[in-house]
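Just so we're aligned, residue 10 is where the sequence shown starts under our numbering, counting upward by one. All C-beta atoms in this analysis are idealised placements derived from N, C-alpha and C, irrespective of residue type, glycine included.
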Amino acid sequence: MGGFNEQCAKAFCLALMRVALADNRRCFIMLFSTEVVRYELSGPEGIEQAIRFLSQRFRGGTDIASCFRAIIERMQGREWFDADAVVISDFIAQRLPDEVVSKVGELRRVHQHRFHAVAMSAHGKPGIMRIFDHIWRFDTGMRSRLLRRWRR
């Protein structure tokens, strides 16, 4: 993901950080491509982490399975009980392994975690999208961008 989609994804992350800080909640961001890069935006070094995150480029593939494994690992800690996970992606990726899907279901049932998606593409895999409790579709295509600008 790059260009306009990358800018939108970063804007969504900043908006989520703002909401988390206003609600006195923690905000942890992970970039997932060939490796998972983690940023704790609500910690003592949150500003530096946010700057580092905003400086990153979103290049490479989409390894959503590694992202979910990192989310699962993080959410098993006590300090993340009843946390939400928001995944912002185009969701053009390989299907999720069965063990990841079942672990997400377990986290939902046992710890009341909620999983949300912001889909930056209409071409995401339906099998991946089924794992989420809520899906917000944000069409970043040229036609939609022009219509949004026209309506202002």
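Asked: Burial state of H122, where buried means 16 or more other Cβ atoms lie within 10 Å; Found: buried
Asked: Other residues of its chain near R61: CB distance less than 8 Å, five sequence neighbours each side excluded; Found: Y48
Asked: Residue nearest to A59 in terms of C-alpha spacing, selected from F13, A24, V45; Found: A24
Asked: Unbroken stretches of the beta strand (DSSP E), 3 residues or longer, contained in the segment 81 to 127; Found: 93 to 98
Asked: CA-to-CA distance, S51 to V28, given in whole angstroms; Found: 11 Å
Asked: Assigned secondary structure, E49 (DSSP; H/G/I helix, E/B strand, else coil); Found: strand
Asked: Beta carbon proximity, A128 to chain D, threshold 8 Å; Found: Among the chains in the structure shown there is no chain D, since it carries only a single protein chain.
Asked: Beta-bridge pairing of F41 - partner residues as DSSP gives them; Found: V45
Asked: Check whether V109 and F21 have beta carbons under 8 Å apart; Found: no
Asked: Selected residue, minimal CA-CA separation from T9, among G69, A79, F37; Found: Since the displayed the chain opens at 10 and closes at 161, residue 9 lies outside it and no answer follows.
Asked: Reduced DSSP category for I144 - H, G, I as helix; E, B as strand; rest coil; Found: strand
Asked: Q65 - DSSP class collapsed to helix/strand/coil; Found: coil
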